[in-house]
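**Student:** Residues in the sequence shown are numbered consecutively from 0, following numbering that gives the first Met the number 0.
Below is the structure I would like to discuss, written out as structure tokens.
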Amino acid sequence: MSVRSMMQSLLKGAAAAALLAAAGSAAAIQSRYNLAPPVTRIAEEIHSLHWMMLVICGVIFVVVFGVMFYSIYAHRKSRGAVPANFHESTKVEIIWTVIPFLIVIGMAVPATKTVVAMKDTSNADLTIKATGYQWLWGYDYLKGEGEGISFLSRLSTPKAQIDGTDAAGRKANNTYLIEVDNEVVVPVNKKVRVITTANDVIHAWFVPAFGVKQDAIPGFVRDTWFRAEKVGTYRGQCAELCGKDHAFMPIVVRVVSSEEYTKWVNEKKAAMAAAREDPNKTWELAELKARGAQVYAANCQSCHQANGLGVKGAFPALDGSAVVKDKAQQIAILLNGKGAMPPWKQLSDVELAAVATYVKNSWGNNEGAAVQPAEFAAARK
Ligand SMILES: [Cu+2]
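So this is what it looks like as structure tokens:
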């Protein structure tokens, strides 16, 4: 029986005895107060280490304070206790050096083994790049089955639930703030290497059930890995304070059987091919504007606001903006970004033309002209 399972059964026993009347099952208590149930070997080892160290620290705590309080009580002045008077006892010095040294070694050896295993990203079956953006994740399947798949993954919790205007919806939603529109899908029992990087500031890709937490740093490439041993949906969050919407860029990984994975890959690839619209087609203003409203809500609204008025001192108003009026300037800022305005190269030409058209023809802006995808295609070169 491992230290962890021993502690867990102890905990379960104590919790169940204490809370039987409160109707909470021991398992629910465990998952609520314990670390997320592990689904990878590494996460399992991290749990064992956690419990082992907690037990060691607990025993030291009890022994040290036990001796201290006993001594204070038993050798108190009113009993006429007289302090012993010894100095430079080599024996005592050796004992209190050797014992902590052995304890530290005893903790460091297994911890180092796990850390070394965590860093071994060799021989992966699948390599996925996770890019942190303010405030969403981008995923590119770089190697292995599914190579070429690429998508953005955004929070899908409805805005009304976040604002509190739909309080009932929020209460009923048990994946509130930990749900996304595009989940990362991976096959079960396959070694998945995750490469992390970022587009703007430091983010971190963190999925507790996998025992994975890796900083995503702009200009750097870091990697980590996991091999999920159980089919299911596992959730995490950005774990590096990355600005205003740090709490709104969750991570959702769906682990599926290898057949289901193959099916997902085929569907995703077909969907990507279908979405690759003809960039040379000339679009109607209304078509582009309708499409642009979606692109705006998903990508721009968090800074420039739904009413296009931005946030004074931080994000400029697009309503009445001179940059928006100047087609070349608007195309340039969308493709290249500027200061705190991120570049939007990862959007397709159609999406960019749609959002540019939407911005030019919304709120007080009323140009009556569309920006065509071909204009973005030309400006990219
Ligand atoms: Cu972040």
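C-beta: ideal position from N, C-alpha, C; glycine also.
As the structure is a prediction and not an experimental result, all values here were calculated from the model.
Determine the DSSP secondary structure at L154, reduced to helix, strand or coil.
**Tutor:** The answer is strand: DSSP assigns L154 an E or B state.
**Student:** Using the C-alpha atoms, what's the distance from W134 back to R192?
**Tutor:** 23 Å
**Student:** Which whole runs of the beta strand (DSSP E) in the stretch 187-242 are 3 residues long or more, in chain order?
**Tutor:** 191-197, 202-206, 211-215, 221-225, 231-237
**Student:** Are the Cβ atoms of F314 and D348 separated by less than 8 Å?
**Tutor:** no
**Student:** Since I believe V323 is in contact with V358 (beta carbons under 8 Å), could you give me their beta-carbon distance rounded to a whole number of angstroms?
**Tutor:** 5 Å
**Student:** Would you mind reading off the limits of the alpha helix (DSSP H) that contains W362?
**Tutor:** No alpha helix (DSSP H) contains W362, which DSSP labels as neither H nor E.
**Student:** Considering only residues of the stretch 332-360, which uninterrupted alpha helix (DSSP H) runs meet the minimum length of 4 residues and lie entirely inside it, listed in chain order?
**Tutor:** Counting whole runs of 4 or more residues, the stretch 332-360 contains the alpha helix (DSSP H) stretches 348-359.
**Student:** Helix, strand or coil: how does DSSP classify P249 here?
**Tutor:** strand
**Student:** Does ligand 1 have a heavy atom nearer than 7 Å to the CB of W204?
**Tutor:** no
**Student:** Between which two residues does the beta strand (DSSP E) carrying K128 extend?
**Tutor:** 125-132
**Student:** Quick check on W95: buried or exposed, where buried means 16 or more other Cβ atoms within 10 Å of its Cβ?
**Tutor:** W95 comes out exposed.
**Student:** Pull up the DSSP beta-bridge partners for K142, would you.
**Tutor:** According to DSSP, which records beta bridges pairwise, K142 is partnered with T126.
**Student:** Identify which residue in E44, F247, E87, K344 has its Cα closest to the Cα of L154.
**Tutor:** With distances taken between Cα atoms, L154 lies closest to F247.
**Student:** Could you check if S361 is buried or exposed, using at least 16 other CB atoms within 10 Å of its CB as the buried criterion?
**Tutor:** buried
**Student:** Look up V179 in the DSSP assignment and say whether it is helix, strand or coil.
**Tutor:** strand
**Student:** What whole-angstrom Cβ distance do T120 and T261 have, given they're in contact under 8 Å?
**Tutor:** Not a contact, Cβ separation roughly 24 Å.
**Student:** According to DSSP, is V38 part of a helix, a strand, or is it coil?
**Tutor:** Looking at V38 - three-state DSSP - the assignment turns out to be coil, as it is neither helix nor strand.
**Student:** Would you identify the three-state DSSP class for V254, choosing helix, strand or coil?
**Tutor:** strand
**Student:** Which residues bound the alpha helix (DSSP H) around G387?
**Tutor:** A question about residue 387 goes unanswered here, because the residues of the chain that appear run from 0 up to 380.
**Student:** I148 by DSSP, collapsed to three states: which one?
**Tutor:** coil
**Student:** Quick check: does the Cβ of C302 come within less than 7 Å of any heavy atom belonging to ligand 1?
**Tutor:** No, the beta carbon of C302 sits no closer than 7 Å to any heavy atom of ligand 1.
**Student:** Rounded to the nearest angstrom, how far is the Cβ of V187 from that of E228, given a contact under 8 Å?
**Tutor:** Correct: roughly 7 Å between the Cβ atoms.
**Student:** Which residue marks the beginning of the alpha helix (DSSP H) containing R379, and which one marks its end?
**Tutor:** Per DSSP, R379 belongs to the alpha helix (DSSP H) from 372-379.
**Student:** Given this structure, state the Cα-to-Cα distance separating D244 from L351, to the nearest angstrom.
**Tutor:** 23 Å
**Student:** Just the C-alpha distance for T196 and K90, rounded to the nearest angstrom, thanks.
**Tutor:** 54 Å
**Student:** Does G137 come out as helix, strand or coil in the three-state DSSP assignment?
**Tutor:** Note: G137 maps to strand in three-state DSSP.
**Student:** Cα separation between R234 and L151?
**Tutor:** CA-to-CA, the gap between R234 and L151 works out to about 16 Å.
**Student:** According to DSSP, V58 sits in a beta bridge with which residue or residues?
**Tutor:** Here V58 is not bridged, per DSSP, to any residue.
**Student:** CB I216 to CB C241, shorter than 8 Å?
**Tutor:** Going by C-beta atoms, I216 is not nearer than 8 Å to C241.
**Student:** Measuring CB to CB, does G131 end up less than 8 Å from C299?
**Tutor:** no
**Student:** Would you report the Cα separation of G65 and I55, rounded to the nearest angstrom?
**Tutor:** G65 and I55 have their alpha carbons spaced roughly 15 Å apart.
**Student:** When the Cα of H409 is compared with those of V354, L346, V108, G210, which residue comes out closest?
**Tutor:** Outside the shown range of the chain, which is 0 to 380, sits residue 409, and nothing can be said about it.
**Student:** With burial defined as no fewer than 16 other Cβ atoms inside 10 Å of the residue's Cβ, what is the status of Y140: buried or exposed?
**Tutor:** Around the CB of Y140, 16 or more other CB atoms lie within 10 Å, so the residue is classed as buried.
**Student:** Run through DSSP, which three-state label would V184 get?
**Tutor:** strand
**Student:** Checking 8 Å against the spacing of the C-beta atoms, do L34 and P249 come in under that value?
**Tutor:** Contact: no.
**Student:** Return the chain-ordered list of same chain residues with a C-beta closer than 7 Å to the C-beta of H49, the five sequence neighbours on each side being excluded.
**Tutor:** L34
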